[in-house]
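Asks: There's a structure below that I have some questions on.
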Amino acid sequence: MQLFHSEKCACGKIHDAGFDRMNVGSGAVNTVAREVIRLGGTRVYLLCDENTVKVGGERVAKLLAAAGIPVKSCVLPASVEPDEAGVLAAKGRFDPACDLVLAVGSGVVNDIGKCVAFDAGVPYVVVATAPSMDGYASNSAAMVVGGLKVSLPRRCASVLIGDTDLLASAPDEMLIAGLGDMIAKYVSIAEWRISHIVTGEYYCERVAAAVREALATCVKNAKGLLSRDPAAIEAVFEGLVLSGAAMNYAGLSRPASGMEHYFSHIWDMRGLAFGTPVALHGIQCAVGTLYAASVYDALLKVNPDKDKALRAVRAFDRDEYFRELRAFVGPGADAMIEAENRDGKYDPAKHEARLSVILDRWNEIQTIIREEIPRAKEIRSLLASIGAPTTPEGIGQKRSELPLTFAATRDVRDKYVLSRLIWDLGLTDLANARLLREN
Ligand SMILES: [Zn+2]
Ligand SMILES: [Zn+2]
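Mind the numbering: the sequence shown is residues 6 to 444 in my numbering, read in order.
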């Protein structure tokens, strides 16, 4: 896989992956003691949960013991959440004599590991147990603070170990989630390019190309994923790590996250506020990708109409919409509304400026959609081929709520995504008709 370190790029940035090394392949876990020693670790705080201790934690402890490295272990409950209590539980048992944190796990254990290592000011290593999400190389930790989901700035592990023999023991749904988080990149990359046109946001073709290539390798190997073909497992793990690296290269989340992630974000927020069902991140992103692709399909047939767009914006009742948003996503809406009061994306003058660029460059925008995003029916058959859900009901959501979910994604962050393009074009009805359609 293509990784770049501290290289000056044509885009003007110096790209840095954010981590030193990635050891991937069959038996990669056997490098763990060597890596600990290389990082100067003499006493290791080993963080697992009740599941990952069996999958890899005990093995790692033995490998370290064999190398003469003392270990203080902390096994978190399997139900541990990525919140203050989870981090406190892990920090509470930290032995200050430890000079390295080593986590064996995936999402939650890795996020908690990042926080413990950060607060202790020591190096951090992760041995992955599931290729289920792209947070391995991410320099932030996904946490729930005060009932809200936030990204805390935390360094990713210096060394990422992805042993395909361990990763292959992950349950089907985690493998499906990992591929789902990769398929999401079709939309992320397209929207990065579209935003570059509409808002002038920074874009790097080299970073986009690296993600595109990793995604293509995942899709090419997808049929072997559930039968644990090592090439398929390796492709997904490497793709997820590269996606995290790509965000570090770009200094923003664009290369790995767009509209499809915002669908997932709204489902997470509603889950926290109202206890509605929440599926694995990557599985939600997969379904979000399908519905984003379906609306993008519709845009390929659109000839934008300036007057229609201006009329729709004049008719938009911001206060009424915010009331709906509050009722739909719960207390998290307050931060979204506050952000909009700063950003002013619904401001008619700003809208008109964006609309004029969209109209001038509509052909280019359609070309990007065609180049980057497969048609929805192709995405649907790809998802079906790996046993991923292809309907909102498949992840416990109601189809009738998709239009409001879609609208709410406009306010997740000040980031130009599909739902904002639809609003700018005055095409909410067209998008809603697509979202509500059975197939
Ligand atoms: Zn670049
Ligand atoms: Zn993701």
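Cβ atoms here follow ideal geometry from the backbone N, Cα and C, with glycine treated the same way.
On a CA-only basis, which of K119, G110, L157 is nearest K96? Give me that one, please.
Replies: Ranking the options by Cα distance to K96, first place goes to K119.
Asks: At which residue ranges does the segment 84-120 contain complete alpha helix (DSSP H) runs of 4 or more residues, listed in the order of the chain?
Replies: Listed in chain order, they are 89-97.
Asks: Is the separation between the beta-carbon of V422 and that of M264 shorter than 7 Å?
Replies: Cβ distance < 7 Å, so V422 and M264 count as in contact.
Asks: How many Å lie between D168 and A175 at the Cα?
Replies: Roughly 12 Å separates the two Cα atoms.
Asks: Whole-angstrom Cβ separation of G431 and R316, contact assumed at under 8 Å?
Replies: Indeed, because the Cβ distance is near 7 Å, the residues count as touching under 8 Å.
Asks: Rounded to a whole number of angstroms, what is the C-alpha to C-alpha distance between L360 and L305?
Replies: Their Cα atoms are separated by approximately 17 Å.
Asks: So K154 is in the beta strand (DSSP E); what residue range does that whole segment cover?
Replies: Segment 153-158, the beta strand (DSSP E) holding K154.
Asks: Provide the residue(s) that pair with D168 in DSSP beta bridges, ordered along the chain.
Replies: DSSP lists G30 as partners of D168.
Asks: Does the separation of the CB atoms of V192 and A297 fall below 7 Å?
Replies: Cβ distance < 7 Å, so V192 and A297 count as in contact.
Asks: When the Cα atoms are used, what is the spatial distance from M138 to S258?
Replies: Each residue's alpha carbon lies about 14 Å from the other.
Asks: Would you report the Cα separation of G32 and L171, rounded to the nearest angstrom?
Replies: If you take the alpha carbons of G32 and L171, they lie about 9 Å apart.
Asks: With DSSP as the reference, please indicate the residues paired to H10 in a beta bridge.
Replies: Partner(s): D21.
Asks: Which of the three DSSP states is assigned to A147 in this structure?
Replies: A147: strand per DSSP, three-state reduction.
Asks: For A240, which of T281, L180, I194 has the nearest alpha-carbon?
Replies: Looking at the Cα atoms, L180 is the closest of the given residues.
Asks: Cβ-heavy atom distance between K3 and ligand 1 below 6 Å?
Replies: With the chain covering 6 to 444 only, the question about residue 3 has no answer from this structure.
Asks: Return the chain-ordered list of same chain residues with a C-beta closer than 6 Å to the C-beta of L107, the five sequence neighbours on each side being excluded.
Replies: So the qualifying residues of the chain are V49, L51, V130.
Asks: Terminal residues of the continuous beta strand (DSSP E) containing V131?
Replies: Its beta strand (DSSP E) spans residues 129-133.
Asks: Ordered along the chain, which non-local residues of its own chain (more than five positions away) have a Cβ less than 8 Å from that of D54?
Replies: Taken in chain order, the residues that qualify are V80, L81, P82, A83, V85, G110, V113, V114.
Asks: Could you give the distance in angstroms between the alpha-carbon of I271 and the alpha-carbon of G349?
Replies: C-alpha separation (whole angstroms): 21 Å.
Asks: If I follow the unbroken alpha helix (DSSP H) through L364, where does it start and stop?
Replies: Taken as a continuous stretch (DSSP letters only), the alpha helix (DSSP H) holding L364 covers 353-365.
Asks: Counting by C-beta, which residues lie closer than 5 Å to a heavy atom of ligand 2, in chain order?
Replies: The filter returns D139, D186, in chain order.
Asks: Would you say R198 touches ligand 1, meaning its beta carbon is less than 6 Å from a heavy atom?
Replies: Checking the Cβ of R198 against ligand 1 gives no.
Asks: Can you find a heavy atom of ligand 4 that lies under 6 Å from the Cβ of C14?
Replies: Questions concerning ligand 4 fall outside what the structure shown contains, since the ligands it does hold are ligand 1 and ligand 2.
Asks: According to the neighbour-count rule (16 or more other Cβ atoms, all chains shown, within 10 Å of its Cβ), is D434 buried or exposed?
Replies: When all chains shown are included, D434 counts as exposed.
Asks: Could you spell out the range, first to last residue, of the beta strand (DSSP E) harbouring D54?
Replies: From DSSP, the beta strand (DSSP E) with D54 extends over 49-54.
Asks: Would you check if the distance between the CB atom of I188 and the CB atom of A251 is smaller than 7 Å?
Replies: No, Cβ-Cβ distance for I188 and A251 is not below 7 Å.
Asks: Does any heavy atom of ligand 1 sit closer than 6 Å to the C-beta of R211?
Replies: Checking the Cβ of R211 against ligand 1 gives yes.
Asks: Please list, in chain order, all residues of the same chain as A22 whose beta carbon is under 8 Å from its beta carbon, the five residues on each side excluded.
Replies: Around A22: L8, F9, H10, A142, A250, N253, Y254.
Asks: Can you tell me which residues form a DSSP beta bridge with C79?
Replies: C79 pairs with L52.
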